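Novice: Handing you a structure now.
Number of protein chains: 2
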Amino acid sequence: MKIDPKSDADLSAQIATAIRDEIIAGRLIVDARLPSEAELAEQFDVSRPTVREALKRLAAQSLIRTQRGATGGAFVNKLSFTEAYAQQITTSTLLLSMNDVSFETACEARFALERSCAELSAQRCGPDDLAAMRAEIHRQGQPNLSDEAFCASDVAFHRALVDGAENPVLSYQLAGAVEAMQPLMNMITFSARDRARIVALHMRIAGAVEARNAADISDGLTALEAETQSLARSLFKKGN
Amino acid sequence: MKIDPKSDADLSAQIATAIRDEIIAGRLIVDARLPSEAELAEQFDVSRPTVREALKRLAAQSLIRTQRGATGGAFVNKLSFTEAYAQQITTSTLLLSMNDVSFETACEARFALERSCAELSAQRCGPDDLAAMRAEIHRQGQPNLSDEAFCASDVAFHRALVDGAENPVLSYQLAGAVEAMQPLMNMITFSARDRARIVALHMRIAGAVEARNAADISDGLTALEAETQSLARSLFKKGN
DNA sequence: GCGAAATTAATGTCAGACATTTAAAGTTTC
DNA sequence: GAAACTTTAAATGTCTGACATTAATTTCGC
Chain Y
1 MKIDPKSDAD
11 LSAQIATAIR
21 DEIIAGRLIV
31 DARLPSEAEL
41 AEQFDVSRPT
51 VREALKRLAA
61 QSLIRTQRGA
71 TGGAFVNKLS
81 FTEAYAQQIT
91 TSTLLLSMND
101 VSFETACEAR
111 FALERSCAEL
121 SAQRCGPDDL
131 AAMRAEIHRQ
141 GQPNLSDEAF
151 CASDVAFHRA
161 LVDGAENPVL
171 SYQLAGAVEA
181 MQPLMNMITF
191 SARDRARIVA
201 LHMRIAGAVE
211 ARNAADISDG
221 LTALEAETQS
231 LARSLFKKGN
Chain P
1001 MKIDPKSDAD
1011 LSAQIATAIR
1021 DEIIAGRLIV
1031 DARLPSEAEL
1041 AEQFDVSRPT
1051 VREALKRLAA
1061 QSLIRTQRGA
1071 TGGAFVNKLS
1081 FTEAYAQQIT
1091 TSTLLLSMND
1101 VSFETACEAR
1111 FALERSCAEL
1121 SAQRCGPDDL
1131 AAMRAEIHRQ
1141 GQPNLSDEAF
1151 CASDVAFHRA
1161 LVDGAENPVL
1171 SYQLAGAVEA
1181 MQPLMNMITF
1191 SARDRARIVA
1201 LHMRIAGAVE
1211 ARNAADISDG
1221 LTALEAETQS
1231 LARSLFKKGN
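Residue numbers (the working numbering), protein chains in the order written: chain Y, 1 to 240; chain P, 1001 to 1240.
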């Protein structure tokens, strides 16, 4: 594990990259302990603060975790779906907000992606995910539900639909895409009339899942996309 | 911008979170300059090394960039699709390798996701993306192409297909999913016979794009998925 | 007025110290 | 001998202060 003395990048960045490469290449496996900060400092011939900056970079990406105390140190972290998912949401959210992505483009991508679970969810969706969908639909029908709670329930509904595909990789990718849209969706406030139409579409989708009809799930999502887009258009036209 | 004195997390982590929240909330906008390290140290009542660790955490996520010199400092970075995409690939790749995700599961998710661009690519794919697909197909037919180059060309082919949807958000999500699979795909070495079948399917997909036939694109991808899965199965059975 | 040199303000790096945490080894007590 | 307590050691977390390096700005000389 060496760094290039000719590079003019920060030492801490170079060290972080060197360690990251070891992890990606599998030469440092999950739960392996890195040398102590003092040892790393000696190995790379830098000071301890510099090593620490490098380790913090890796910690920010959940590649390592640190533990204090006698048997402590930095350990290669087993990246969980939950952590990866949280990171992806942060990144995607910022990406959308910083690049002036139009609601239309983001919405199109979101539903296109979500439709990709239709086939598998129709085949595999179990009673628990279906029950979760029904529960969220019921919640969405409550008249005194706040806009924030309605949006959160909406996310939970789609999450259950996606999880019905019983493929964790797909869930990870789709849940990230759906949730990254949430801040944009929150800009829309729903009238009672809008909510009723959305809930109706949710019921249609849940019904299609129960009937194990992939095409109907897909069509339901397409209808929901059209509804969302037209809602957004009417709001933006009003100069909101 | 304050931190909770009761929290027992690392100071640098708390500070990083505080600044990240400011960015996400839009109170620190793109290209805004953060206070200098010395000023931040004073504001948060910590030392400069601690502030630096926090800043490195943010830099690791491409949330800030730093510049040396008189007018230097840390600036809120405009997260580009390219950066977000690189990060997503690293995360997804590690996620797959660390969680014993089976080839079957990952492959299923990858193709399910990719099919989500079929409709849009059929509608919008321009001559440049189509030409890119044709060029990769031609390259894949060269008999003296190395396995690595064949895989890279395969990725480029799918990348062009996805870009044909003309939706940057979709490209970002899908390209990440496709490329994260690459290390797993690289475990498979292709015989000449395998290559010929894959190239034939690529031609079929390219033809469907040119004919603007979304269903055919989708079917072509499904056939490619079946081919890939059976190839993987036969390899793993041989005890590889 | 223009070019070169000095200034300055920032990040990058280092050295050494102390604080805190945690597990394990050692010691005492019953 | 076992349980409870104490000590020790090794690690990360944090601080202080210094110096190095970079790059824009200002000043000075001509």
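Even for Gly, the Cβ is constructed at its ideal location relative to N, Cα and C.
Just so you know, these numbers come straight off a predicted model, no measurement behind them.
(1) To the nearest angstrom, report how far apart residue 1070/P and residue 56/Y are at their CA atoms.
(2) Go ahead and pull the three-state DSSP assignment for residue 74/Y.
(3) Taking the alpha-carbon positions, what's the residue 114/Y to residue 48/Y distance?
(4) Can you tell me the Cβ-Cβ gap for residue 1118/P and residue 1218/P, rounded? I've got them flagged as a contact below 8 Å.
(5) Would residue 76/Y pass as a contact of residue 16/Y if the rule is Cβ separation under 8 Å?
(6) Using a Cβ-Cβ cut-off of 7 Å (strictly less than) and excluding sequence neighbours within five positions of residue 1089/P, which residues of its own chain qualify?
(7) Quick check on the burial criterion: 16 or more other C-beta atoms within 10 angstroms. Buried or exposed for residue 1062/P?
(8) Quick check on DSSP: helix, strand or coil for residue 1029/P?
(9) Can you pull the chain P neighbours of residue 227/Y, defined as C-beta to C-beta under 9 Å?
(10) Where does residue 29/Y land, buried or exposed, given buried means 16+ other C-beta within 10 angstroms?
(11) With a CB to CB cut of under 8 Å and the five nearest residues on each side skipped, what residues in its chain are close to residue 155/Y?
(12) In chain Y, which residues lie less than 7 Å from residue 1108/P when you measure between Cβ atoms?
(13) Mind listing which residues of the region 15 to 28 of chain Y have their C-beta closer than 9 Å to chain P's C-betas, in chain order?
(14) For residue 1138/P, count the other beta carbons within 10 Å of its own beta carbon; 16 or more makes it buried, fewer makes it exposed. Which is it?
(15) Taking just the CA atoms, how far does residue 197/Y sit from residue 1145/P?
(16) Please list the segments of the alpha helix (DSSP H) lying wholly inside the region 119 to 206 of chain Y, counting only runs of 4 or more residues, in order along the chain.
(17) Would the region 1097 to 1116 of chain P and the region 1126 to 1134 of chain P be scored as touching if the rule is three or more Cβ pairs under 8 Å?
(18) Can you confirm whether the region 186 to 204 of chain Y touches the region 1186 to 1196 of chain P when touching is taken to mean that 3 or more C-beta pairs between the two stretches lie within less than 8 Å?
(19) Within 10 Å of its beta-carbon, does residue 100/Y have 16 or more other beta-carbons around it, so buried, or fewer, so exposed?
(20) Quick one: what's residue 1061/P bridged to in DSSP?
(21) Does residue 1007/P have its Cβ less than 8 Å from a Cβ in chain Y?
(22) Taking one C-beta from the region 103 to 114 of chain Y and one from the region 223 to 237 of chain Y each time, how about it: are there three or more such pairs within less than 8 Å?
(23) Can you find a CB in chain Y that lies within less than 8 Å of the CB of residue 1116/P?
(24) Quick one: what's residue 1222/P bridged to in DSSP?
(25) Using a Cβ-Cβ distance cut-off of 8 Å, determine whether residue 49/Y contacts chain P.
(26) List the residues of chain P whose Cβ lies closer than 9 Å to the Cβ of residue 67/Y, in chain order.
(27) Whose Cβ in chain Y lies nearer than 8 Å to the Cβ of residue 1012/P?
(28) With distances taken between CB atoms, is the gap from residue 73/Y to residue 97/Y smaller than 8 Å?
(29) For the alpha helix (DSSP H) that residue 1001/P lies in, which residues bound it at each end?
(30) Would you kindly check if the distance between the Cβ of residue 1094/P and the Cβ of residue 79/Y is under 8 Å?
(31) Checking contacts by CB at 8 Å: is residue 53/Y closer than that to chain P?
(32) In chain P, what lies closer than 8 Å to residue 60/Y by C-beta?
(33) Once the 5 residues before and after residue 1208/P are set aside, which same chain residues still bring their CB inside 6 Å of it?
(34) Cβ of residue 952/P within 8 Å of Cβ of residue 1124/P?
(35) Determine whether the beta carbon atoms of residue 153/Y and residue 140/Y lie at a separation below 8 Å.
(36) Quick check on this structure: which residue in 3/Y, 34/Y, 20/Y, 54/Y has the alpha carbon closest to the alpha carbon of residue 44/Y?
Specialist: In terms of the structure at hand:
(1) In a straight line, the C-alpha of residue 1070/P is about 26 Å away from that of residue 56/Y.
(2) Strand, per DSSP.
(3) Cα to Cα, residue 114/Y sits roughly 47 Å from residue 48/Y.
(4) Cβ-Cβ separation between residue 1118/P and residue 1218/P: approximately 4 Å, consistent with a contact (criterion under 8 Å).
(5) No, the Cβ-Cβ distance between residue 76/Y and residue 16/Y is not below 8 Å.
(6) Cβ within range, chain order: 1176, 1179, 1180.
(7) Sixteen is the threshold: when 16 or more other Cβ atoms of the shown chains lie within 10 Å of the Cβ of residue 1062/P, as they do, the residue is buried.
(8) When DSSP states are grouped into helix, strand and coil, residue 1029/P belongs to the coil group.
(9) Within 9 Å Cβ-Cβ: nothing; residue 227/Y doesn't reach chain P, min ~18 Å.
(10) By the neighbour-count rule (16 or more Cβ atoms within 10 Å), residue 29/Y is not buried but exposed.
(11) Same-chain partners within the cutoff: 178, 179, 182.
(12) Simply 167.
(13) Among the residues of the region 15 to 28 of chain Y, those with a Cβ less than 9 Å away from any Cβ of chain P are 16, 20, 23, 24, 26, in the order of the chain.
(14) Its Cβ having fewer than 16 others within 10 Å, residue 1138/P is exposed.
(15) If you take the alpha carbons of residue 1145/P and residue 197/Y, they lie about 55 Å apart.
(16) Look at the region 119 to 206 of chain Y and you find these whole runs of alpha helix (DSSP H), each 4 residues long or longer: 127 to 141, 147 to 163, 168 to 180, 182 to 185.
(17) Note that the region 1097 to 1116 of chain P does not touch the region 1126 to 1134 of chain P; fewer than 3 beta-carbon pairs, one per stretch, sit closer than 8 Å.
(18) The region 1186 to 1196 of chain P, when compared against the region 186 to 204 of chain Y, does not touch it at the 8 Å Cβ threshold.
(19) Exposed: under 16 other Cβ atoms inside 10 Å.
(20) Under DSSP, no beta-bridge partner is assigned to residue 1061/P.
(21) Not a single CB atom of chain Y sits nearer than 8 Å to the CB of residue 1007/P.
(22) Counting Cβ pairs under 8 Å, three or more are found: they touch.
(23) Yes, contact with chain Y.
(24) For residue 1222/P, DSSP records no beta bridge to any residue.
(25) It does: the Cβ of residue 49/Y has a partner Cβ on chain P nearer than 8 Å.
(26) Under the 9 Å cutoff, chain P gives no residues; its nearest Cβ is about 12 Å from residue 67/Y.
(27) Residues of chain Y passing the Cβ test: 56.
(28) Annotated as distal: residue 73/Y and residue 97/Y, with beta-carbon spacing of 8 Å or more.
(29) Counting along the chain, residue 1001/P falls outside any alpha helix (DSSP H), and DSSP gives it neither H nor E.
(30) It is a contact, given that the beta carbons lie within the stated cut-off.
(31) Closer than 8 Å: yes.
(32) Within 8 Å Cβ-Cβ: 1016, 1056, 1057, 1058, 1060, 1061.
(33) Closer than 6 Å at Cβ, skipping near neighbours: 1216, 1217, 1220.
(34) Outside the shown range of chain P, which is 1001 to 1240, sits residue 952/P, and nothing can be said about it.
(35) When the beta-carbon positions are compared, residue 153/Y and residue 140/Y come within less than 8 Å of each other.
(36) Of 3/Y, 34/Y, 20/Y, 54/Y, the residue nearest in Cα terms is 3/Y.
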